[in-house]
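For reference, the structure discussed in these notes is given below.
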Amino acid sequence: MVLVNLPQLFVDSILTGSVLALGAIGLTLVYRVMKFPNFVHAEFLTFGAYSAYAVNQYLGLGLFAGSISSFVASGMLAVISYRSVFSKLENVSSSGTTTKLTSMLIASIGLGFIFRHSIQEIWGANVLYFNIEAPAIYEYFTARFTSFDLIIILSSILLVLLLHVFLTYTNLGKSIRATSDNPNLSLISGIDTDRVIYTVWFLSGGTEGFAGFLRGVDTRLSPWLGWNVLLIAFAVVILGGIGSFYGAIIAAYIIGFVENIGVVALINLDLPTSYRPAIAFSILILMLIFRPQGLFSTASDRKGG
Amino acid sequence: MINFILDALIYAGVFGILAISLNIEAGFTRLMNYGKVAFFGVGAYTSALLALSGYNFLVTLVAAIFMSALAGFLISLPTLRLREDYFAIVTVSAGEILRLFFISEAWLTNGTRGLPGIPRPLADIIPTENYLLFYTPVVFVFLFACYLIATQIVNSPFGRVLKSIREDEVASKSLGKDIFKFKTKSLIIGSSMAGIAGHLFSYHLRFISPDMFFPVLTFTIWTMMIIGGIANIKGSILGALIVQTFERGMSIVKDYVNLPIDPLNFRIIVIGFILILFMMYRPEGIIPEEKTKSISTRLEENGTAEDK
Amino acid sequence: MEQLKINNIRKSFGGIVALDGVDFSVKRKSITGLVGPNGSGKTTLFNSITGFIPVDEGSIKFNDIDITNLSPDKIANHGIIRSFQIPKPFSKMTVLENVLLSARDQLGENILPLLFRKKEVIKQETENHERAKEILELLDLSHLTNEYSAGLSGGQKKLLELARILMADPDIILLDEPIAGVNPTLANKIFEKIIDMRDKYDKTFLIVEHNIDIVRDYCEYIGVMNRGKIIADGDPSKVFEDEKVLNIYLGLED
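Protein chains in written order, with the working numbering: chain A, 548 to 852; chain B, 1212 to 1519; chain C, 191 to 444.
Below, the structure written as structure tokens:
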């Protein structure tokens, strides 16, 4: 039939999915709480990667330190973004010309310009690589992968588990889920929504930062790192259902598989592989047209469409 | 030096047309088109490809308008019923898919290498050193034409319906207006104009490639529209002029002053700040929405004159 | 002659039955009222007729044409124009523009005529302009002709709703609680205008209303709804003596 290396396909898909999952979790939570697609999340990814790079380059520290710094740095960047821009826009009433959604969306694009080009200013527009030893290479059946790939997959799963535990078993986590499901009710029930919102932004930013770091390890660093992932992350968010933590994870792996299968299909059909991102975009567009609430919707999502 | 200014004016003209086209869609109909760059690209590539095949300036113009209008129509079919944020995400993605198309279909578009050598109209008659002196007015004629068309549309009964859709779709529907049809037409008009801009652009640069059509361009056009004024056609031209002046100003400054910051980055960072500040403090833009100058307005004005 | 015929309309939202087999009709040139307690389904029925809520079963016929589940704009173009309980003026347009918009079959709303039949467009617009001014005169809004509708008072916005409806030249006018939240003087004024419109322009009215006195004074025929059904209909004075109706309003029914 067709040229395909199934075990390799499997590994590649899990790898793609792992990074996408982290990229989408933060995006979907903030989208649900703030009710707009936040384009500056691209820069949370990028900044995470570059923070880890800085730690690696200037402090000579290894990947572990890099991973922590990516999470913290982007988490803080996210909180600063909310504090200085988005919280202010929440209170600006919808003027006749622009809706609140539009003004926040455009502000997020403006903020993205500022962050992206500041990063470019500091580190240059050229591609950078982490200064680390070459990874060990493994071969299992016909699949080839590196120790980095393993680390990426495992650390993604670990972070997802940590977040799951946080959201399910801690009070703050439960408050976050409650606010996400029903903001007005939770306000009345005495949940400190400010604390919830700041935590959501911090965790989202942090998760994105970590995702960016992983992506940088897997590929390379550039000021456009986040942007290149962002639209695909939106595809994951929409597929999984806006605001759904578990939906985002499952959708990420689905798209991971579909993308990699798609690449195999492109190769076999003699089509250019530069179309790869178009695979996720097409899923995104189809979902928005036929099932905008995503695979795992709740009743309120369906009405909000 | 003079060519530098003329080049800037040409850019201002081309982007002025784009800003006007976006204003019709977003400013008057509330269609949040974040994929504007796609229609610009379709116009540019259509003109370039046909020009390279030997067709003249006017034929390629018609083709560019047709292809961008077609692109606008095709995009509108599945997407216009989506709510605002979904429409935004879809239009950005559609723009990216188109850019990937330009990169990937190298047999047609020459992929990332781009299309060089686009012939200038009347290049054999007009000497090279004076060419921009000729082309700048050409661009401005088109800008003026688009300005006239846009103003006519906006002040017409058709424009009135667009505004009603912007204010309150439900009320507009209840009065018998087919919202979907009007939105589609608005998008097609906007896309056609973007096609004109693309056409003028490719002949000016004489070379186009896919990396001229990143989403950043769409957002730059949004900046121009927002600065100049939402729902104000004159304002769109003003916005384009302001942004272009700023960008050129920055590159001049770079030559004379040793800035600590690379002006290319500084430019975009400033635009980022401008967008945020406008959204916070003046979302309607510098010049507020124009008062309608429709037939009825004129009748009213004449009526009051008669009363006196 | 029955202009609007509603037959066995059923509508549920999830598990909740909003319309449980509604049969009702509206006679031509009548002023018909639709009353009932909150939650009786009046609003749902109203929105079903005007195309904003699709029904699960049943039919709605207008002048013997089936208009069930058509989109709102198509229904409007059949000559059925509605108002909104909370008025929806187009804020960034003047009062005059609001009214001009409402005219149907405007040539100038299409692109090609704008380019190629300019004279006809101008002629039609001028005619519409005259008609608009007449209507604003009728509703005492002339002094506000060039004001942006955002700046109108609540009562003036309600009158603007009526002006828009008239301009749309409907066969039947559906009013959703036209005097809700309005002071008694203005309320009477609005209903006087309604009578004017009926007499001068031959319009049919279907009015959803809470205020029993107004309904008794101005409606020739009413239907009473409860729990998604019409439980009584006919002449207001007779209907309001009906035991079933009294029970609902006195809260005796369970």
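C-beta atoms are modelled at their ideal positions from N, C-alpha and C, and glycine is treated no differently. Keep in mind that this is a model prediction, so the values were computed, not measured.
Report yes if the C-beta distance between B:Leu1292 and B:Phe1430 is below 8 Å; otherwise report no. For the sequence presented, residue 1292 of chain B should be read as Arg rather than Leu. Against a cut-off of 8 Å, the Cβ pair of B:Phe1430 and B:Arg1292 comes out as no contact.
Comparing the C-beta of A:Ile836 with each C-beta of chain B, is any distance below 8 Å? yes
Since I believe B:Ile1444 is in contact with B:Glu1350 (beta carbons under 8 Å), could you give me their beta-carbon distance rounded to a whole number of angstroms? Sequence check: residue 1350 of chain B is Val here, not Glu. The C-beta distance from B:Val1350 to B:Ile1444 rounds to 17 Å, too long to meet the 8 Å contact threshold.
Along chain B, which residues have their Cβ under 7 Å away from the Cβ of C:Ser281? Result: Glu1378.
Against chain B, does A:Thr563 count as a neighbour if the rule is that its beta carbon must be under 8 Å from one of theirs? no
In chain B, which residues lie with their C-beta within 9 Å of the C-beta of A:Gly657? Phe1430, Thr1434, Ile1482, Gly1483, Phe1484, Ile1485, Leu1486, Ile1487, Leu1488, Phe1489, Met1490
Tell whether a beta-carbon distance below 8 Å holds between A:Val805 and A:Val551. no
Throw me the rounded Cβ distance for the A:Gly753 and A:Ser621 pair, which I believe falls under 8 Å. 6 Å
Any beta carbon of chain B sitting closer than 8 Å to that of C:Ile271? yes
Below 9 Å between beta carbons is the criterion; list the residues of the stretch 1289-1316 of chain B that meet it against any residue of chain A, in chain order. Pro1289, Thr1290, Arg1292, Leu1293, Arg1294, Glu1295, Asp1296, Tyr1297, Phe1298, Ala1299, Ile1300, Val1301, Val1303, Ser1304, Ala1305, Glu1307, Ile1308, Leu1311, Phe1312, Ile1314, Ser1315, Glu1316
On the three-state DSSP scale, how would you describe C:Gly451? Residue numbering for chain C in the displayed model covers 191 to 444; residue 451 of chain C lies beyond these limits and cannot be assessed.
Beta-carbon contacts of A:Leu831 that lie in its chain and below 7 Å, excluding the five residues immediately before and after: Within its own chain, the residues whose Cβ lies closer than 7 Å to the Cβ of A:Leu831, once the five positions on either side in sequence are excluded, are Phe781, Ala782, Ile785, listed in chain order.
When you compare only the Cα positions, how much space is there between B:Phe1412 and B:Thr1347? 11 Å
What does the alpha-carbon distance come out to for the pair A:Leu816 and B:Leu1470? 51 Å
Which residue's Cα is closest to the Cα of B:Phe1284: B:Tyr1266, B:Ala1249, B:Asp1296? B:Ala1249
Beta-carbon separation of B:Phe1353 and A:Gly657 under 8 Å? no
Below 8 Å on the Cβ atoms is my guess for B:Ile1228 versus A:Val632; work out the distance and round it to an integer in Å. The Cβ separation is near 31 Å, so there is no contact.
Tell me, which residues are paired with C:Val225 by DSSP? Per DSSP, C:Val414.
Whole angstroms is fine: what's the gap from A:Lys721's alpha carbon to A:Ile738's? Approximately 10 Å, taken between the alpha carbons.
Cβ-based burial, C:Val212 [other Cβ within 10 Å; buried from 16]: buried
Which whole runs of the alpha helix (DSSP H) in the stretch 319-372 of chain C are 4 residues long or more, in chain order? Entirely contained in the stretch 319-372 of chain C, the alpha helix (DSSP H) runs reaching 4 residues are, in chain order, 344-357.
Counting only C-beta atoms, is B:Asp1518 closer than 8 Å to chain A at any point? Low per-residue confidence applies at B:Asp1518: pLDDT is 45, beneath 50, and the placement is therefore not dependable, though the value from the model is reported in the following sentence. Closer than 8 Å: no.
Checking contacts by CB at 8 Å: is A:Asp848 closer than that to chain B? Note that A:Asp848 scores 44 on pLDDT, short of 50, meaning its location in the model is unreliable and no value can be drawn from it.
Taking 6 Å as the limit between beta carbons, can you name the residues of its chain near A:Arg767, skipping five residues before and five after? Excluding residues within five positions, the ones whose Cβ falls inside 6 Å are Val674, Tyr676.
Consider the Cβ of C:Phe274: report whether some Cβ of chain B lies at a distance smaller than 8 Å. yes
In or out: B:Val1381 buried (at least 16 other Cβ within 10 Å) or exposed? Around the beta-carbon of B:Val1381, fewer than 16 other beta-carbon atoms lie within 10 Å, marking it exposed.
Interface residues of the stretch 1457-1474 of chain B facing chain A [CB-CB below 8 Å]: Ile1472, Asp1473
Integer-rounded CB distance, given that A:Leu592 should sit under 8 Å from A:Arg762: Sure, about 7 Å apart at Cβ, within 8 Å.
Do B:Pro1426 and B:Arg1253 have their beta-carbon atoms positioned less than 8 Å apart in this structure? A small correction: the amino acid at residue 1253 of chain B is Val; Arg does not occupy that position in the sequence shown. No, Cβ-Cβ distance for B:Val1253 and B:Pro1426 is not below 8 Å.
Do you know how far the Cα of B:Pro1289 is from the Cα of A:Phe837? 9 Å
Would you call the stretch 346-356 of chain C and the stretch 256-264 of chain C touching, i.e. three or more CB-CB distances under 8 Å? no
Does the beta-carbon of C:Asn288 have 16 or more other beta-carbons within 10 angstroms, so that it is buried, or is it exposed? buried
Three-state secondary structure (DSSP) at B:Lys1394? helix
Can the beta-carbon of C:Leu329 be found closer than 8 Å to that of C:Pro277? No, these two residues do not count as a Cβ contact at 8 Å.
Do C:Leu304 and B:Phe1355 have their CB atoms nearer than 8 Å? no
Please go through the same chain and pick out, in chain order, the residues whose beta-carbon is closer than 8 Å to the beta-carbon of C:Val372, but skip the five residues on each side of it. Taking C-beta separations shorter than 8 Å and ignoring five residues to either side along the sequence, the partners of C:Val372 in its chain run Gly344, Gly345, Lys348, Ile380, following chain order.
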